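In what follows, a structure is listed as structure tokens, so that the remarks can point back to it.
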Ligand code: 5GP
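Residue numbers (the numbering used here): 5 to 188.
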């Protein structure tokens, strides 16, 4: 009998890595002020857990808002090309924007989001991703969407837990786990 779930990154490692990321981000945005705080844009739903921990560990003034991108093949989106569902209209003019993402896979989602806010007047747009699968990146997107702050680089495996789901299940798992839906 094979296992459906295998722990890839345990809870304690995730927590300590998020503290490290928060320290780097706080240092890099040390110039942000109450009048012009960093604008954190959390991608729903997967990044909600990562964002909650990261944001609470930051020591610089920041604002939190939420965005959502539809990025999978279905009847609503037969091309599979990512489209904004929420957050397209957020005013980013002159703002330092930090997108908080669960995982950068092919890079299409972060390409859309980063280009959109850059074109709409953000002063800077960076990416903080809990997980990064560089081996899956579409050719041509590599540098564009590489996370500025990356928790863990992982191989080409499907993972769940710490906010990441499979058909809305397994988000609450306390570790990042490799999931094999075919295992019995
Ligand atoms: P990208 O546009 O970079 O290909 O994909 C981004 C989205 O695909 C992520 O935000 C996430 O929702 C989903 N995704 C990619 N890889 C995984 C994975 O291993 N597990 C889960 N649960 N979602 C993933």
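From the three backbone atoms N, C-alpha and C, an ideal C-beta is built for every residue, glycine too. Being a predicted model, the structure only gives us computed values, none of them experimental.
Exposed is the label assigned to residue 76, since fewer than 16 other Cβ atoms lie within 10 Å of its Cβ.
For residue 11, the pairing in a beta bridge is given by DSSP as 181. Bounds of the beta strand (DSSP E) holding residue 130 are 128 to 136. In the three-state reduction of the DSSP assignment, residue 147 falls in the helix class, which pools H, G and I. Assigned with DSSP and collapsed to three states, residue 87 falls in strand. CA-CA distance, residue 7 to residue 184, rounds to 8 Å. When beta bridges are read from the DSSP output, residue 47 appears opposite 71. Closest in alpha carbon position to residue 33, among 174, 128 and 177, is 128. Closest in C-alpha terms to residue 86, from the list 72, 58, 53 and 156, comes 72.
Within the stretch 148 to 175, the complete beta strand (DSSP E) segments at least 3 residues long are 153 to 157, listed from N- to C-terminus. CA-CA distance, residue 157 to residue 21, rounds to 12 Å.
Bounds of any alpha helix (DSSP H) do not take in residue 64, whose DSSP letter is neither H nor E. Contact between the stretch 113 to 122 and the stretch 161 to 171 is absent, with fewer than three C-beta pairs closer than 8 Å. Within the model, the alpha-carbon separation for residue 149 versus residue 56 is close to 22 Å.
Residue 31 and residue 174 have their C-alpha atoms some 34 Å from each other. For residue 102, the enclosing beta strand (DSSP E) stretches over residues 100 to 108. Boundaries for residue 96: no alpha helix (DSSP H) harbours it, and the DSSP string shows neither H nor E there.
Between residue 43 and residue 100, the beta carbon gap of about 7 Å places them in contact (Cβ cut-off 8 Å).
No residue range can be given for residue 39, since it is assigned to no alpha helix (DSSP H) and is classified by DSSP as neither H nor E.
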